[in-house]
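All remarks here apply to the structure that follows.
Residue numbers (my numbering): 60 to 197.
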């Protein structure tokens with residue numbers, strides 16, 4: 060895996076992956092033109108665990124219709140401002156068995172999600188699973 064970033068002026072940085080995907084980061088406090096690098100890490104955590112949870116639920120033949128993972132994080136007050144605590148909320152929709160959803164999340168956190176495994180070296184990561192009713196999806 061290879062990536063690089065290039066300063067584009069002001070507070071904007073362009074990230075580029077080896078397969079040509081571009082990401083723009085905005086280090087300005089407003090983050091008007093892209094996420095900060097730390098916001099991107101938090102979003103990557105949400106995406107990484109989402110991939111795992113959907114895959115696990117599908118393999119268990121659970122009729123998952125939707126998944127939204129939200130994260131709130133606290134950072135150290137002084138540099139380096141690493142995450143110290145992260146709470147993930149998994150909103151699962153479909154006729155999914157709650158225990159199956161909780162087990163999928165536990166497997167992602169404890170075994171499969173590389174981003175989670177890296178971040179847990181610095182931060183406490185907790186989670187909750189919320190089952191969303193079909194009529195709440197709209």
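Backbone N, C-alpha and C fix where the C-beta goes; we use that ideal spot for every residue, glycine too.
- The three-state secondary structure of residue 111, taken from DSSP, is helix.
- The residues 150 and 152, in chain order, have a CB closer than 6 Å to that of residue 191 in the same chain once the five nearest residues on each side in sequence are set aside.
- Contact between residue 75 and residue 62 holds: CB atoms are separated by about 7 Å, below the 8 Å threshold.
- In the assembly as shown, residue 89 is an exposed residue. Its beta-carbon has fewer than 16 other beta-carbons within 10 Å.
- For residue 69, the CB contacts under 8 Å within the same chain, skipping 5 residues up- and downstream, are 87 in chain order.
- As a beta-bridge residue in DSSP terms, residue 83 pairs with 73.
- Bounds of the alpha helix (DSSP H) holding residue 163 are 157-166.
- For residue 146, the uninterrupted beta strand (DSSP E) segment begins and ends at 142-153.
- Annotated three-state conformation of residue 137 is coil, per DSSP.
- Secondary structure note for residue 190: its beta strand (DSSP E) is the uninterrupted segment 183-191.
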